[in-house]
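Colleague: Pasting a structure here, questions to come.
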Amino acid sequence: MVNLSQVVNWPNKVLMLPSLIHLSLSDCRLISTTTSQLLSMINANSSSQLIFLDLSWNYDLMETHNLDWLTHFSSLQYLDLSRVNLSQVVNWPNKVLMLPSLIHLSLSDCSLISTTTPQFLSINANSSSQLLFLDLSENYDLMEPHNLDWLTHFSSLQYLDLNGVNLSQVVNWPNKVLMLPSLIHLSLSDCSLISTTTPQLLSINANSSSQLLFLDLSYNHDLREPHNLDWLTHFSSLQYLDLNGVNLSQVVNWPNKVLMLPSLIHLSLSDCSLISTTTPQLLSINANSSSQLLFLDLSYNYLTNSVFHWLFNATISSLRTLNLAENQLVGGIPKYFWNLCALEYLTLSYNNLNGSLYEFMSNESSCLVDSLQDFHISNNRFIGSLPESIGNLSNLQTLDVAQNSLTGVITEAHFSNLTKLKMLYLYSNSLILRFSYNWVPPFQLYSIYLSSCKLGSAFPKWLQSQKNYYQLYISDAGISDIIPAWFWNFPPRLTYLDMSNNQLHGNLPDLSSSRLDDFASIDLSANRFDGSIPLFPLNMASLDLSNNRFSGPVSFLCKLNTPMLLESLNLSNNTLSGELPDCWTYIRDLIVLNLANNNFYGKIPDSISSLESLQFLHLSNNGFVGNMPMSLQNCSELITIDLGANNLFGMVPPWIGNNLPNLVILNLRSNQLYGRLPLSLCRLSHIQILDLSLNKIEGTIPECIYNLTAMSHTMDTISSAIYADNISRGSYTDYASLVWKGRELVFKNSLRLVKMIDLSNNKLYGEIPEGITNLIELVALNLSRNNLSGLITPKIGLLRNLQSLDLSGNQLYGEIPMSISNLNFLSQLDLSANNLSGKIPTGTQIQSLDASAFLGNPKLCGSPLPNKCPEDLHPNYINTQGHKKENDDDGFITKGFYVAATLGFIVGFWGVCCISVLNIRYIMKRLISNVRMILA
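Per the working numbering, the very first residue in the sequence shown carries number 2; after that it's consecutive.
Right under this line is the structure:
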């Protein structure tokens, strides 16, 4: 693992050593330019004595067309080119397999492809007959559909590994493989073997396969026909059989086929869908047929306690390893295990075993006391305390009782005789560890898992005696102390250190010279450390100092001016300040960067674009200013961008939609962003959380919003978290701080189930696009406090998973659609401060809401508002003929009534008019006559 990529002329320096016979250059970052040096500098004399050559894990070693330099190694017996890309190398089989002394060849994961097969076929028997070991595993595309004939040349082959090579279309592969006369080891794991293979296997005669000792057929899920394992009887010498992941649930009487193999000592049947109905078949086997077994793995099946009957009746006295994890076992641990005198490894984890451990541990005189080395009962339901008699297991190396419901006190007496203990797993119980201050344990542990156990307020001094541990987990252990200076002198192999969720305080020392394993992980989060952040080793992969009281700048990132291996950095929730340093080019491998909830200010530096592997970026709740750096578009792997609650300004950049295809979370809430929403946001097909609230964004909501297809797909209930699993030491689970139903909450384990859009508190106008109702998996939609107008679409009821809907503070008008009553999961609704009118739709969810959800709409009426609708004040009833009527007395009013009334009105009206005209004429005549008489 020495980096030779920049070393000039290394082949001439190394291969000219006159006595060199063994050379290992695995993972030395050799590149294709090396090939030219090899060709020009190596002559036959300089390399002819080399016997062993390992060039594995040098991905970029080969030039496209050249392996000619290999021909100089005429004495070479061992060659490992695993994970060297040979896909473009012309005629490599003739270069490799013509080496006259070669007996061991490893070509695992070399990107070999099917075009290689004709080259294989051109090899003659003499050139390859001496080969004993051949590994072609993980070359998925190696095989042509119909040809394995080239294998017949390898007449001396004893070891063949084809794991991960697709053999599903290869005709009659069993006769090609199993007819190799010297073959004793055959690995065919994950080769896509199918049930049609069975007849070919049955056609093999006993002589052709009787010498085979090792057979791995694991994870060929479709291998077995429902009723046939008869072909196994041909393998009379078989000692090792692995059928993990092969479905045996429908195979008739498989125990008699498998366990009757006379030489079998290792049997792996994990994840074979074995069920409890198998037990009668097991019980029918006599003790002699299985008594030679040393290793038995039945984990990840559906076996019940009845499997114990077979185990104890079969009297497998020779059994050394028994794995029954992940089954359906209940009750206590049978005491009969104490009679398995050779048992060294016992795993009963991940079942439903319960009760106290006292009864099982009470047999102190059993032979198991002297034989048991690994004892695993984690993830069950055991209660009570851990018996002191556990200390009688004098050869115990691993004690795993984690994730039960154990209580009580652990003292020195529990460990007094456990001098060989290496792995201690007590985490996720309610145990109290109480040791004297100067206690020195009799063991040297490699793994220490004590999280959630209470170790006392003082830092555990007994750890000072432990010099070899590489994993230390003491989170949530109730420690409230300053870490003593001796602790920082870490063991040289330390890989994981987790002391989170305690009350540890004080300053951290300079740790740059601490001895840590490459890609180590340190988690000191959720404590009370203060002061500035010190220097850390360059070879760390993960550092979590979040939720402490660290202050000052983060200059430690730049002080060493040297590239770091860091992949995850979490400094959130401290009081760190200052501008971010512009030295991110030293941390190119960073996947997680979380600086949220601090006091940083200034612009986000452009050098952050060098983080090309970055997936999770959290910079929220700081004082960053300026535009979102355009250089971020180079971080094309981003899944989360959380820049909320800063002072960023400018427009929402179009490159977010154009250049970040994997984005799932975009939070730009509470900044000073303005302008229109770019249409490119609609290209974010994986987006599940879009929060642009509390900005000054204007314009309309894009019609193309229906293209946010992740919000219209069925929820992922299998993996409900958003995480990265490509961090060297473990994985990272992301989180999001969201305003949910009016409260700010943090989502983590259920984050993938949250699909929401929040555009509230902006200056958006226009109508709500109807296409938003295509996003049927939305659980929260907040468009409040904008200037949106128009009707609420009648299709709103299509958002069937909606739990929170806020359209308040807009200019929406018209009636509330009846379909809103179809939102059965709706628990928070706010339509207040609009211009809505009419009656509020009836429905269980709607009427159970507070009236405040509808206030500020003067023309709205009905429950839960206090003001009644007119039809509620003067209700209309319906008669049996379906005609509306105001009261019971109106039953006689018919159409004829209305016609007669109308005609009567017309006649009466004109009659009155005529009489009035005649009266006026008569009055006028009298008036004129009287005037004339006066004038006369």
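The beta carbon of each residue, even a glycine, is placed where N, CA and C say it ideally should be. Keep in mind it's a predicted model, so treat the numbers as computed, not measured.
(1) Please go through the same chain and pick out, in chain order, the residues whose beta-carbon is closer than 8 angstroms to the beta-carbon of residue 905, but skip the five residues on each side of it.
(2) Determine the direct distance from the alpha carbon of residue 141 to that of residue 250, and round the result to whole angstroms.
(3) Please classify residue 336: is it buried, with 16 or more other beta-carbons within 10 angstroms of its beta-carbon, or exposed?
(4) Between residue 480 and residue 461, is the Cβ-Cβ spacing less than 9 angstroms?
(5) Residue 244 CB to nearest chain C CB: under 9 angstroms?
(6) In whole angstroms, what is the alpha-carbon distance linking residue 571 and residue 589?
(7) Using only the alpha-carbon positions, how far apart do residue 516 and residue 338 sit?
(8) Mind checking who residue 946 pairs with in its DSSP beta bridge?
(9) Exposed or buried, what is residue 411 when buried is set at 16 or more other beta-carbons lying within 10 Å of its beta-carbon?
(10) How would you write the range of the beta strand (DSSP E) that residue 105 sits in, first residue to last?
(11) Would you check if the distance between the CB atom of residue 832 and the CB atom of residue 855 is smaller than 9 angstroms?
(12) If we call anything under 9 angstroms between Cβ atoms a contact, is residue 864 one with residue 834?
(13) By the DSSP assignment, the beta strand (DSSP E) with residue 411 in it spans what residues?
(14) Measuring alpha carbon to alpha carbon, tell me which of 133, 28, 751 and 297 ends up nearest residue 56.
(15) Is it true that the CB of residue 781 sits closer than 9 angstroms to the CB of residue 756?
(16) Since residue 569 sits in a beta bridge, which residues does DSSP pair it with?
(17) Between which two residues does the alpha helix (DSSP H) holding residue 657 run?
(18) Express the C-alpha separation of residue 867 and residue 853 in angstroms, rounding to a whole number.
(19) Alpha carbon to alpha carbon, what distance is there between residue 351 and residue 371?
(20) For my contact list, residue 85 and residue 111 are in at a C-beta cut-off of 8 angstroms; report their separation, rounded to the angstrom.
(21) Looking at residue 355 and residue 391, is the spacing between their C-beta atoms short of 9 angstroms?
(22) Would you kindly work out how many angstroms separate the C-alpha atoms of residue 195 and residue 169, rounded to a whole number?
(23) Can you tell me where the beta strand (DSSP E) holding residue 747 begins and where it ends?
(24) Contact check, residue 667 vs residue 688 under 8 angstroms by CB: the rounded distance?
(25) Apart from the five residues on each side of it in sequence, which residues of its chain come closer than 6 angstroms, Cβ to Cβ, to residue 695?
(26) Any idea which residues DSSP pairs residue 99 with across the strands?
(27) Indicate the three-state DSSP secondary structure (helix, strand or coil) for residue 180 in the structure shown.
(28) Could you please give the first and the last residue of the uninterrupted beta strand (DSSP E) stretch that includes residue 626?
(29) Do you know offhand how far residue 746's Cα is from residue 740's?
(30) Can you tell me the Cα-Cα spacing of residue 428 and residue 269, whole angstroms?
(31) Please report the distance separating the alpha-carbon of residue 245 from that of residue 529.
(32) Can you give, in chain order, each stretch of the beta strand (DSSP E) that sits fully within the stretch 679-727 and has at least 3 residues?
(33) Taking the straight line between their C-alpha atoms, what separation do you get for residue 703 and residue 800?
(34) Which whole-angstrom value is the C-beta distance of residue 136 and residue 108, which I expect to be below 8 angstroms?
(35) Measuring alpha carbon to alpha carbon, tell me which residue in 585, 759 and 54 is nearest residue 783.
(36) Rounding to the nearest angstrom, what Cα-Cα distance links residue 482 and residue 472 in this structure?
Modeller: According to the data block:
(1) Residue 905 sits at position 904 when you count from the first residue of the sequence shown. Residue placement at residue 905 is poorly supported in this model, since its pLDDT is 46, which falls under 50; the coordinates still yield a value, given next. Excluding residues within five positions, none has a Cβ falling inside 8 angstroms.
(2) Counted from its first residue, the sequence shown places residue 250 at position 249. Counted from its first residue, the sequence shown places residue 141 at position 140. Rounded to the nearest angstrom, the two C-alpha atoms are 28 angstroms apart.
(3) Position 335 of the sequence shown, counted from the start, is the residue given in the question as residue 336. Answer is exposed; the Cβ neighbour count stays below 16.
(4) Counting from one through the sequence shown, the residue named residue 480 turns up at place 479. Counting from one through the sequence shown, the residue named residue 461 turns up at place 460. Result yes, Cβ atoms of residue 480 and residue 461 sit closer than 9 angstroms.
(5) Absent from the structure is chain C; it holds one protein chain and no more.
(6) Taking the sequence shown and counting its residues from 1, one reaches residue 571 at position 570. Taking the sequence shown and counting its residues from 1, one reaches residue 589 at position 588. Using only the alpha carbons, I get a separation of about 16 angstroms.
(7) In the sequence shown, residue 516 corresponds to position 515, counting from 1. In the sequence shown, residue 338 corresponds to position 337, counting from 1. Their Cα atoms are separated by approximately 43 angstroms.
(8) No answer is possible for residue 946: the residues shown for the chain start at 2 and end at 937.
(9) In the sequence shown, residue 411 corresponds to position 410, counting from 1. Buried is the call here.
(10) Here residue 105 refers to the residue found at position 104 when the sequence shown is read from its first residue. Unbroken beta strand (DSSP E) run through residue 105: 105-107.
(11) Walking along the sequence shown from the start, residue 832 turns up at place 831. Walking along the sequence shown from the start, residue 855 turns up at place 854. Yes; because the gap between Cβ atoms is below 9 angstroms, this pair is in contact.
(12) Residue mapping note: residue 864 aligns to position 863 of the sequence shown, counting from 1. Residue mapping note: residue 834 aligns to position 833 of the sequence shown, counting from 1. No. Outside cutoff.
(13) By one-based count along the sequence shown, residue 411 stands at place 410. Per DSSP, the continuous beta strand (DSSP E) segment holding residue 411 begins and ends at 406-411.
(14) Residue numbering aside, residue 56 sits at position 55 when the sequence shown is read from its first letter. For residue 56, the nearest C-alpha among the options comes from 28.
(15) Mapped onto the sequence shown, residue 756 falls at position 755. Mapped onto the sequence shown, residue 781 falls at position 780. Against a cut-off of 9 angstroms, the Cβ pair of residue 781 and residue 756 comes out as a contact.
(16) Here residue 569 is taken as the residue at index 568 of the sequence shown, counted from 1. Beta-bridge pairing links residue 569 to 543 and 593.
(17) For the purposes of this step, residue 657 is taken as the residue at position 656 of the sequence shown. Residues 656-660.
(18) Taking the sequence shown and counting its residues from 1, one reaches residue 853 at position 852. Taking the sequence shown and counting its residues from 1, one reaches residue 867 at position 866. Roughly 11 angstroms separates the two Cα atoms.
(19) The residue labelled residue 371 in the question sits at position 370 within the sequence shown. The residue labelled residue 351 in the question sits at position 350 within the sequence shown. The straight-line gap from Cα to Cα measures roughly 25 angstroms.
(20) Position 84 of the sequence shown holds residue 85. Position 110 of the sequence shown holds residue 111. About 6 angstroms; that satisfies the 8 angstroms criterion.
(21) In the sequence shown, counting from the first residue as 1, residue 391 sits at position 390. In the sequence shown, counting from the first residue as 1, residue 355 sits at position 354. No, the pair does not count as a contact, with Cβ atoms beyond the cut-off.
(22) As a working note, residue 195 is residue 194 in the sequence shown. As a working note, residue 169 is residue 168 in the sequence shown. Here the alpha carbons of residue 169 and residue 195 stand approximately 6 angstroms from one another.
(23) Taking the first residue of the sequence shown as 1, we reach residue 747 at position 746. From DSSP, the beta strand (DSSP E) with residue 747 extends over 744-748.
(24) In the sequence shown, counting from the first residue as 1, residue 667 sits at position 666. In the sequence shown, counting from the first residue as 1, residue 688 sits at position 687. The C-beta separation of residue 667 from residue 688 comes to about 6 angstroms, placing the pair in contact by the 8 angstroms criterion.
(25) Numbered from 1 along the sequence shown, position 694 holds the residue referred to as residue 695. Excluding positions up to five away in sequence, the list reads 670, 671 and 762.
(26) Working through the sequence shown from its first residue, we reach residue 99 at position 98. The partner list for residue 99 (beta bridge, DSSP) is empty, contrary to what the question assumes.
(27) Reading the sequence shown from its first residue, position 179 is the one you call residue 180. Coil at residue 180, not helix or strand.
(28) In the sequence shown, counting from the first residue as 1, residue 626 sits at position 625. That run of the beta strand (DSSP E) goes 624-627.
(29) Numbered from 1 along the sequence shown, position 745 holds the residue referred to as residue 746. Numbered from 1 along the sequence shown, position 739 holds the residue referred to as residue 740. Residue 746 and residue 740: Cα-Cα distance of roughly 6 angstroms.
(30) Your numbering for residue 428 matches position 427 in the sequence shown. Your numbering for residue 269 matches position 268 in the sequence shown. About 29 angstroms.
(31) Counting from one through the sequence shown, the residue named residue 245 turns up at place 244. Counting from one through the sequence shown, the residue named residue 529 turns up at place 528. Going by the C-alpha atoms only, they are around 48 angstroms apart.
(32) 690-692 and 697-700
(33) Reading the sequence shown from its first residue, position 702 is the one you call residue 703. Reading the sequence shown from its first residue, position 799 is the one you call residue 800. Approximately 18 angstroms between the Cα atoms of the pair.
(34) Indexing the sequence shown from 1 puts residue 136 at position 135. Indexing the sequence shown from 1 puts residue 108 at position 107. The Cβ separation is near 6 angstroms, so the contact holds.
(35) Counted from its first residue, the sequence shown places residue 783 at position 782. Per the Cα distances, 759.
(36) Within the sequence shown, residue 482 is the residue found at index 481, counting from 1. Within the sequence shown, residue 472 is the residue found at index 471, counting from 1. Each residue's alpha carbon lies about 21 angstroms from the other.
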